[in-house]
Amino acid sequence: MRMLFLAIPFLMMLSCANNSEKNEMKGQSTDSENVPDMHNSKTSLDWAGRYTGVLPCADCDGIETIIYLSEDNSYAKRQTNVGKGADPIEESGEYTWSEDGGSITLGADNQKYKVGENVLIALDQSGKEITGDIAEKYRLSKAFADSKIENITWELTEIDGVKVTDGDTDSKAYFILNSSEGRVSGNLGCNNFFGTYALESGMRISFGQMGVTMIACPGMSAEQRLNEIFGVTDNYTVQNGILSLNKARMAPLAVFKAVDK
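Just so we're aligned, residue 1 is where the sequence shown starts under my numbering, counting upward by one.
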């Protein structure tokens, strides 16, 4: 009988210990479920920088858009209606992050953007992604930088494998990529031009639709061709002060040399 009495308190102590352990584990489980997911766009992506693209427009050819996001939650935006000849609309202010750290809202116009890896995706008024065939048109790509080609004056030397001579254009054609604004400007040989550009990894480049002055000059075939080349170029090579604009793996469409201007 004495052994039985000793066993009962021991079993009661063991039961209490097990219950205590279960309660502790349950508490730990509950605590872990309440911890927010820290792996989101805000904390995991390198999102600060410049984003460019052409967003859809109801009554124009598109809206050239440049957005700068700074780490201090400030932003600057520049938009130009393509094909209307209107002055750019610029704004700046502060943006706020969503609670889940996946999207931002620009303070001035309340426009929401989903933040992805090297991309901003414009959302609809309810904060949802636009789907379907037009979804890709609502993406702004993060601009990469390349000091080998930006902020340098590039003078045209060759088009479609043919050397450019002084008589081919009214003046020397050239262009400059302005890294601080994400804009390209220059001269096609007679007319001045301007627009936007974006660099991507893998030495890829794209140009937005160009604005061009309308001066009539003799021998404008080379100028017209150069304007076409900017529209189809998707990559570049640069070496020893020589820049080639290319499409896919084709032969260089246009070749330029770096000059002091």
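Note that the Cβ used here is the ideal one computed from N, Cα and C, for glycine as well.
- Collapsing the DSSP output to three states places Asn-235 in a strand.
- In this structure, the CA atom of Tyr-236 is about 37 Å from the CA atom of Asn-110.
- Taking 8 Å as the cut-off, the Cβ atoms of Asn-187 and Ser-171 count as close.
- In the three-state reduction of the DSSP assignment, Thr-52 falls in the strand class.
- For Leu-245, the closest alpha carbon among the candidates Asp-160, Arg-183, Glu-181, Met-220 is that of Asp-160.
- With a contact defined as Cβ atoms closer than 8 Å, Ser-92 and Tyr-75 qualify at about 7 Å.
- Look at Gln-79 here: in three-state DSSP terms it is strand.
- Distance from the CA atom of Ile-134 to the CA atom of Lys-42, rounded to whole angstroms, is 26 Å.
- For Ala-173 against Leu-156, the beta-carbon gap comes to about 4 Å, under 8 Å, which counts as contact.
- The straight-line gap separating the alpha-carbon atoms of Arg-249 and Val-162 is approximately 18 Å.
- With respect to the 8 Å criterion, Gly-182 and Ile-66 are classified as neighbours on the basis of their beta carbons.
- The C-beta distance from Gly-107 to Gln-209 rounds to 29 Å, too long to fall under 8 Å, and the pair is not in contact.
- Taking 4 residues as the shortest admissible run, the region 172-250 contains the following complete alpha helix (DSSP H) segments, listed from N- to C-terminal end: 221-232.
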